[in-house]
């Protein structure tokens, strides 16, 4: 396409149809913007999930949970299979299992009281006893993770705080109530008191017990859902308040000797009537959810994109039909119909390329802005990733080129059919 022909194509834009052109190109602009935005954010969220799952849920681990519902003090597993000492022993006897890290909820109400930002702070809590092996040596460096009630006179109860709780606090409580946000570094060393046997919603017959506590570290481990404290402390409290109750684990983190043995362990757990969660299973559920939402939104944007391209072609086709006499004159003067079809197809290419590139650029800008806004709300996310938006420039450029190629080819075919009309019919009034 020569420059003179480019000017001819632009000059032949029918001013009488400029509203139709603006409408079709506006649709194309919005479709390109939405499509790029959804793809960038969707890929970023999937990368974030992969990073969390790969670091916090090793491939050789299986998380075993009761078949019923359990939430700390609220025990609602009636009718469901519980994780008892017998179930743990059965799993430990398997030759495929390397070790088992048990978790146990405090089955008594509890609350935490302290100062936050110089202001008194009070909240009901759920304690979950975990072992040192579960937390890992890197997290427990310089932390003595052994504690019973006998140690309460001269030691603080060590607390490991789940960073998931910080995320929920910052996003769901601190922000709406104009309170100070919390970072993993900012909560370290905070001292408080923990009272067991009483909370704002329940109270046990036995007098409550209060111990001094201190937040020693935070954890990104997705298997820790509550406030983590030493296992033996929670086990002791449960025995004191519910002496006739049997030990019931909230979860067992089973580590296989080899990642290849995980499916067999999952089968054994399910035969016992318990639930088994693996990194692969959780990842698949999360990726299916994120992928489905991203695919649905991208499909909607893609449909708008195709509709916009079709609208642009239809507008130009109607333009050509309204200018039959002018086209007939050009062909009577010797202009080949293929050259005319190419000129008008190039008009579609030029206008669509400009609109799609501008829309994609703004979509990238909006995705970057959304990523920055979300990261500003969560210190956990800021530590984990630099951006929640991923921009696959190569794939975006290839997709844009493919769409332009297809639309230009279709336009050329339509225009060619119109321009093959005999000159005598085109010149007829």
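In my numbering, the protein residues as written are 291 to 719.
Cβ atoms here follow ideal geometry from the backbone N, Cα and C, with glycine treated the same way.
Reference residue i, options the options, closest by Cα
{"i": "residue 497", "options": "487, 646 and 506", "result": "487"}
{"i": "residue 658", "options": "396, 547, 327 and 416", "result": "327"}
{"i": "residue 505", "options": "665, 647 and 472", "result": "472"}
{"i": "residue 415", "options": "682, 687 and 490", "result": "490"}
{"i": "residue 385", "options": "559, 600, 547 and 655", "result": "547"}
{"i": "residue 696", "options": "558, 643 and 683", "result": "643"}
{"i": "residue 460", "options": "666, 688 and 703", "result": "666"}
{"i": "residue 481", "options": "455, 411, 531 and 428", "result": "411"}
{"i": "residue 530", "options": "689, 495 and 325", "result": "495"}
{"i": "residue 566", "options": "537, 398, 418 and 371", "result": "371"}
{"i": "residue 431", "options": "418, 419, 448 and 417", "result": "448"}
{"i": "residue 512", "options": "401, 380 and 455", "result": "455"}
{"i": "residue 502", "options": "458, 551 and 401", "result": "401"}
{"i": "residue 457", "options": "664, 534, 532 and 533", "result": "664"}
{"i": "residue 231", "options": "600, 626 and 596", "result": "With the chain represented from 291 up to 719, any question about residue 231 goes unanswered, as that position is not in the structure."}
{"i": "residue 687", "options": "325, 532 and 320", "result": "325"}
{"i": "residue 435", "options": "319, 562, 334 and 524", "result": "524"}
{"i": "residue 315", "options": "626, 628, 600 and 629", "result": "600"}
Whole-angstrom distance between residue j and residue i, CA atom to CA atom
{"i": "residue 730", "j": "residue 651", "result": "In this structure the chain extends from 291 to 719, so residue 730 is not present and cannot be described."}
{"i": "residue 317", "j": "residue 395", "result": "55 Å"}
{"i": "residue 712", "j": "residue 632", "result": "18 Å"}
{"i": "residue 478", "j": "residue 450", "result": "9 Å"}
{"i": "residue 654", "j": "residue 549", "result": "39 Å"}
{"i": "residue 703", "j": "residue 692", "result": "17 Å"}
{"i": "residue 398", "j": "residue 528", "result": "7 Å"}
{"i": "residue 662", "j": "residue 337", "result": "16 Å"}
{"i": "residue 710", "j": "residue 676", "result": "57 Å"}
{"i": "residue 429", "j": "residue 593", "result": "49 Å"}
{"i": "residue 312", "j": "residue 586", "result": "27 Å"}
{"i": "residue 321", "j": "residue 514", "result": "42 Å"}
{"i": "residue 563", "j": "residue 557", "result": "10 Å"}
{"i": "residue 319", "j": "residue 333", "result": "21 Å"}
{"i": "residue 476", "j": "residue 568", "result": "32 Å"}
{"i": "residue 589", "j": "residue 561", "result": "41 Å"}
Neighbourhood of residue i by C-beta distance below 8 Å, restricted to the same chain and skipping five residues each side
{"i": "residue 526", "result": "438 and 439"}
{"i": "residue 375", "result": "536 and 537"}
{"i": "residue 694", "result": "639, 642, 643 and 646"}
{"i": "residue 559", "result": "352, 354, 381, 544, 565 and 566"}
{"i": "residue 239", "result": "Past the edges of the chain, shown from 291 to 719, lies residue 239, and the structure says nothing about it."}
{"i": "residue 532", "result": "397 and 398"}
Cut-off 7 Å between Cβ atoms - residues of its own chain near residue i, not counting five sequence neighbours on either side
{"i": "residue 453", "result": "474, 508, 509, 510 and 670"}
{"i": "residue 392", "result": "378, 421, 521, 539 and 542"}
{"i": "residue 331", "result": "657, 660, 678 and 679"}
Residues near residue i in its chain [Cβ-Cβ closer than 6 Å; skip 5 each side]
{"i": "residue 500", "result": "483 and 485"}
{"i": "residue 699", "result": "none"}
{"i": "residue 681", "result": "330 and 654"}
{"i": "residue 628", "result": "none"}
Whole-angstrom C-beta distance between residue j and residue i, which should lie under 8 Å
{"i": "residue 354", "j": "residue 373", "result": "7 Å"}
{"i": "residue 649", "j": "residue 323", "result": "4 Å"}
{"i": "residue 519", "j": "residue 419", "result": "6 Å"}
{"i": "residue 417", "j": "residue 517", "result": "6 Å"}
{"i": "residue 645", "j": "residue 389", "result": "Contact flag wrong, Cβ pair sits at about 60 Å."}
{"i": "residue 552", "j": "residue 350", "result": "6 Å"}
>> Counting beta carbon pairs with one atom in the segment 432 to 446 and one in the segment 538 to 547, are three or more of them shorter than 8 Å?
In response: no
>> Contact between the segment 418 to 427 and the segment 401 to 409 is defined here as three or more beta-carbon pairs at a separation below 8 Å; is this criterion met?
In response: no
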